[in-house]
Each structure stands twice: as structure tokens, then as C-alpha cells.
Amino acid sequence: MCGIVGIIKTDNSLIDANALRRSTDMLARRGPDDSGIWVEEGAGLGHRRLSILDTTSAGHQPMLSENKRFVIVFNGEVYNFRELRKQLESEGRFWSSNSDTEVVLSAYSKWGVDCLKRFHGMFAFAIWDRRDKVLFAARDRMGVKPYYYSHSAGFFSFASRPRALYALGCDLSCEIDEQALRFYLELGYIPAPYFIYKSIRKLPPAHYLLLSDGELRIERYWDFRHITPDNAVKSEEELIEELDLLISRCVQSRMVSDVPLGAFLSGGIDSSLIVAMMNKFTSKPIKTFTIGFEEKRYDESTPAKAVADYLGTEHYCERLSVNDLLQLVPTFFEEYDEPFFDSSAFPAMAVSRLARQHVTVSLSGDGGDELFGGYHYYKIVNWLKPVFQLNEGTRRHIAALINLAPHHNFKLLAGALQKKDIIEAFSFSRSILKDFSSIFMTDIAQKTMSGYELFFLTAQSFPQGLHPSEQGMRLDASHILPEEYLQKVDVASMTFSLESREPLLDHDLVEWAMKLPVNYKLRNNQNKYLLRKLAYRYIPKKILDRPKQGFAVPIDDWLRGALKQWAEERLYDSALFGNISINQSKIIELWNLHQSRKRNLHPLLWAVLSLLEFFKRNPAAGRP
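Heads up: the sequence shown begins at 600 in the numbering used here, then just goes up one per residue.
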């Protein structure tokens, strides 16, 4: 992985090389091994390199094409670059390096934007055509790698992280984007193309852009949402065999590296299967990494060790107290360049820090839940399907009875039952703020799109009659996976200059999973049905079958203890609230309710506090 930055001026005026260098250096953690800038009239590109393939100086970037017409900055990996290299060689291409970057550059020279259809990998890159004065940039299909940009009269700039854009000296506005703000407080993340400021956008996954004469065109080049499940008669054994071969190929391609490589291991189905597959392609023990906690209710190290022992890995486990995670709070707010809600970033940072002490690349199991039905609420949506065939009055009566139960999950279910359709119920269940208008002092709710409306628009691309649980999986794969989970992993790993690779997000595997009928994902009240069956080929059932826990962080307790003073300093700072029109007195009321332990409101409070901390660290927030 690396860091990229660039600026194009439509009037062809001189680029400030010093500003470009400062901007590039802000990406140093993404690429500690090498740095470079390239400047000519009207265009400047910068790159920070984490050397993975061809660690020699031949892989230095920015990189020019053989004929000097094109120049590229590239972040990520194209795993099938060797196959593409051979194909281009057969047509007379010669090489000056062994890097995938040179192959990407040559592929664009040969095939233009259609080169994207040939790439298997994770990437965000930009190529400047020096002759035609056209910028081509693209982001990988699932959104593993980030790409931020700003476009206004006179210039276009881009970078791997927003703060690098500001260092270019383009005087970007810090006016709050109310739509982004609403999405963040409802969903806990800001979906592309939005950013918290109007002046910055995100290139969505599976999209490319072309900039010519100051005009920007953005197009989608791949889409999994419309794929129809294949109900052709195949035996379960045939499907398991197909899945085995496909995941094996995805894992093998992601083990290509010129630097030490390992894997994250939680002991769950996804990461355990990845490590088991890795064992097939090396004679050396795989280095695996997990975090253990002294507090048993947060600890997952024992199942991970059981899998590691069975597979014979070289296993590393760092045992922490929950208070140790608190030491990462300043790093969390320093490294995430936009308001970020997901507190599992803390253990993700801790395990990345551990892994980087031993390897430069680590494989992960990200994507398995969204593709194969891993989350419990997919089962809940499955149960709700017949209930939503009842009339609204009957549903409300059922909801009223369920609401009498004391547990929070029952109240969540009752709320979902009162929605008008499955999509709205799913949106409600995924929201951290159920009543958006209750905390705002303006009519922002009337001026902006809700999370439900976003999901509803996304669902218009789904095949007719798609099972409700499958709709939920595709909504998650479209939104929360790239915008929250993959952003979390990218920033957490890059904070420690570690490359994370996700075999389960290979687009061939994604397409295969979208064709898989839902009864092979959810069956007999069991999730990941087919993936489990495959995993049992490699690891005994008794080791793998356990409740899924995930990285739990006691934010609720922190806000009543170790972080209470920090939180109150922000909640009682009226100047911070002035930027966003949130009802400060209402938030303080909810804060006091949380402190009394009458309700656990930490998700909303943590989201608001993360937002306020972002504004405190960016005092220009709100400035047009």
C-alpha cells in the first residue's frame, strides 16, 4: 500500500512543488520506504511508497510510461499483474521493473479505461496524459482503497487522505455538508460520494473519473447489485468444491509478496478459513496475529489459539487490558480524517501494530459476513418476511406486544415491525439515531435524504423478488462494508505501515456469492451455511463452532469513567455545536440519562463526540 496525491490546474499555471512535497509527506505512514514528486506546467503528482513488490528503486513513483506520454501514481495491488504482463509482453512490451504499477500503466496505454475490467485487486490510482491533458483515475470494485478529491474552478486535486488535500494550498472551503452530517448521525458513516465538507468528495467504489479541460466525468465500471441468484440445480458438494477452488485461488494470488507476510486470526470462520487456505501454498508456518484481553468478556484469544494450534501457525497474541486500548484514543482521532464512529478501530489498530512488528503484509477475512450471511440481523430479516405480508394494523399490534419485553433487541424488533417495508425495517435496525429530527434545531431532516431513502435507491438495482435477507447483505456490501469497515481497516493498518489484503473481496468471488441462493447462506437458523461446510474440511467443527463476538470495546463504561471529563469538555463547548445546529441541551440531556444508567446511549453519544472532536481538531469547520 502507498499514498498518492496530485493537483491539476486547468490554466496550466505552475505547480507549487514545495506544497506538493508537504502534501506528499502527510502520507508518510502509508508509505515510509520511498517518496517522490513529479511536476510540469499545470500538473503535479506525489507518492509515498510502502515497498511490497519489486522493492528496488525501479518501482519508484511517480512512474512514467516507456514513451513518456503517461505518468502514474498508484496505491494498492493488482494480483494478476503477472498474467497481464505476459499478455503485454507477447505484444512487444518491454519492462524496466518487476512492479504491478508498470503493468497498470502499460495496460492503460494499451486498452484505455477498459483496462479496469482486466484488473484483479485493490487500488486507487491516477494517470496523467501529458499529451492530451487528461486525468484518468479509478478506485477498486469493493472500495478497499480510498480516493478523495476536490474539484472547483481552476483546479482538481486528489489524495489518499483528506488532510493531504489541504496541504496543497488550494484554500478549500470547510462548509459543512448537511447531507453527509445526516448520514453520519443516522448510519455511523458517510457514504461516497459525500464528505463532511462540501468541498471534498469521495470517488465511489467501482468508479473511474476522467478530467479534461476542467470538465469532470464519473462512471461506474462494475456492479454486483443487479446479479440474480442462480437457482440451477447443483448439489451441495458441487458448490462446496467450486467455493473451495475459488477461495484457494483468491488466497494464493494474495500471497505474492517480496516482503514478510502473515494473517490476522480471530478464530472465526472467515479468518480461520483464510489461514487454512494459506497453509496449502507454503511449507513454512504462517505468522498469525490476534489481540487478547485480560477481561474475559472481551477476550477472543482462546479460540484463535485453538485454530492456530490446529493449523500449526507461528502465532502471536498480545494481551491487553481494556485500559491499554484507551492509549490509542488520541491516535484514533489523529489518523481518521473524517468523523468516524466504529470503536472496533481501537483493537484493529492494536492488532495491526502487533502484526507490523513481524510482517509487512497481513491477510484478513473481511467480507465474509456480507457475502455469506454472517450477521445475526440477516436471520431476523428472514424471520420478518412472513410478518410483513400481514397488514399494517396487525403488525402494529404484534409490535406493541413485543415492545413489552425488557430487552433492547426486542424493542428494536418492535420498531422495525412498524416500518412500511423490509428495506425501511433494515434501515431502522442499522441506524444509530432512530429519531433524527429530535436532536436538530433546524429543518435539516426536510432538506436531506434519510438512510432509508439511500438504501431504497440502492435497492432499485436489485433483481426483482430478491430475498429480504439477501437485500440486507447487498445493502451492507454496498454501503457499510466500504464506508465503515474497509475504511477502518485501511486507516488502522496504514497507521502502522502495514498492508492488509482481503481475499474474500476478490470480485470473482463476490459475483459467485451473489449468484449463490440464500438457502446456502442461511439455513436451519445457522448463518454462513456453505462457508461453514467448506471450513469444516480444514478445521474440526468443534473448534470453529462458537458464538461470533467480534471486537467489543466498552465505550459505554469509558464515557462514564475514563473519558467522562474529555467528553464533558466537548459537550459543554457551545462553540463546537455552533457548526452543526445540533441541539446542545438535548444532547446533554441524553448524556445525563446515560450517566444515570437508566439507558445505554453510548452509540449516539460516541458518534456526536467523535464529530465534536473532529471539529475541535479542525477549527476552520463551518467556514465557507
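Cβ atoms here follow ideal geometry from the backbone N, Cα and C, with glycine treated the same way.
Judged by DSSP secondary structure, Glu-676 falls outside any alpha helix (DSSP H) and instead within the beta strand (DSSP E) spanning 669-677. Out of Tyr-1051, Ala-1091, Tyr-976, Ser-1209, the CA that lies nearest to the CA of Gln-1125 is found in Tyr-976. Spatial neighbours of Leu-1104 in its own chain (CB-CB distance under 7 Å, excluding positions within 5 residues in sequence) are listed in chain order as Met-741, Val-743, Asp-965, Gly-966. Checking the DSSP bridge columns, you'll see Val-604 partnered with Gly-645, Ala-758.
A straight-line Cα-Cα distance of about 8 Å links Lys-1019 and Glu-991.
Taking 7 Å as the cut-off, the beta carbon of Ala-949 is found closer than this to the beta carbon of Ile-890. Under the three-state reduction of DSSP output, Phe-693 falls in the coil class, being neither helix nor strand. Residue environment analysis places Leu-910 among the buried positions, since at least 16 neighbouring C-beta atoms fall within 10 angstroms of its C-beta.
Here the C-alpha atom of Phe-863 lies approximately 29 Å from the C-alpha atom of Asn-1118. Phe-931 sits buried, since 16 or more C-beta atoms from the chains shown fall within 10 Å of its C-beta. Between the region 726-740 and the region 792-808 there are three or more C-beta pairs closer than 8 Å, enough to call the two in contact. Pairwise C-beta distances place the region 912-923 out of contact with the region 1063-1083, as fewer than three of them are shorter than 8 Å.
Gly-641 and Val-604 do not touch by the CB rule: their CB atoms are close to 16 Å apart, not below 8 Å. C-alpha of Ser-1060 to C-alpha of Gln-1070: approximately 10 Å in a straight line. Taking all protein chains shown into account, Asn-611 has fewer than 16 neighbouring C-beta atoms within 10 Å of its C-beta and is therefore exposed.
Excluding its 5 nearest sequence neighbours in each direction, Ser-1092 has C-beta neighbours in its own chain below 6 Å: Ser-951, Ser-1099, listed in chain order. The alpha-carbon of Leu-1085 is positioned some 17 Å away from that of Phe-971. Counting only unbroken stretches of 4 or more residues, the alpha helix (DSSP H) elements lying wholly within the region 920-1006 are 921-925, 928-934, 944-955, 967-971, 975-986, 991-1001, in sequence order. By the Cβ rule, the region 879-889 counts as touching the region 848-867, because three or more pairs are nearer than 8 Å. A distance below 7 Å between beta-carbons, with the five flanking residues on each side excluded, links Glu-818 to the following residues of its chain, in chain order: His-806, Tyr-807. Under the three-state reduction of DSSP output, Ala-737 falls in the strand class. Taking 4 residues as the shortest admissible run, the region 606-644 contains the following complete alpha helix (DSSP H) segments, listed from N- to C-terminal end: 616-624. In the three-state scheme derived from DSSP, where H, G and I count as helix and E and B as strand, Leu-808 is classed as strand. Counting along the chain, the unbroken alpha helix (DSSP H) around Met-876 starts and ends at 868-877. With a cutoff of 7 Å on beta-carbon distance, Asp-653 and Ser-708 are scored as not near each other. The C-beta of Leu-927 has 16 or more other C-beta atoms within 10 Å across all chains shown, which makes the residue buried.
Membership of Gly-1071 in the alpha helix (DSSP H) is indicated by the continuous run 1067-1077. For a cut-off of 8 Å, the C-beta gap from Ser-749 to Ile-671 is around 20 Å, too long to register as a contact. In this structure, the alpha-carbon of Ser-1030 lies about 32 Å from that of Arg-629. Between the beta-carbon of Ser-1209 and that of Phe-1009 there is about 28 Å, and that puts the pair past the 8 Å contact cut.
Its chain contains no residue whose beta carbon lies nearer than 6 Å to that of Ile-1079 once the 5 sequence neighbours on both sides are disregarded. Pairing Pro-902 with Arg-1136 gives a Cβ-Cβ distance that is not under 7 Å. According to DSSP, Ala-723 shares a beta bridge with Asn-674, Arg-738. Take Asp-869, set aside five residues on each side of it, and the residues of its chain with a beta-carbon closer than 6 Å to its own are Gly-964, Gly-967, in chain order. In its chain, beyond the 5 residues on either side, Arg-1159 have a beta carbon closer than 7 Å to the beta carbon of Gln-1194. Note that the C-beta distance between Ala-1151 and Leu-1143 is not below 7 Å.
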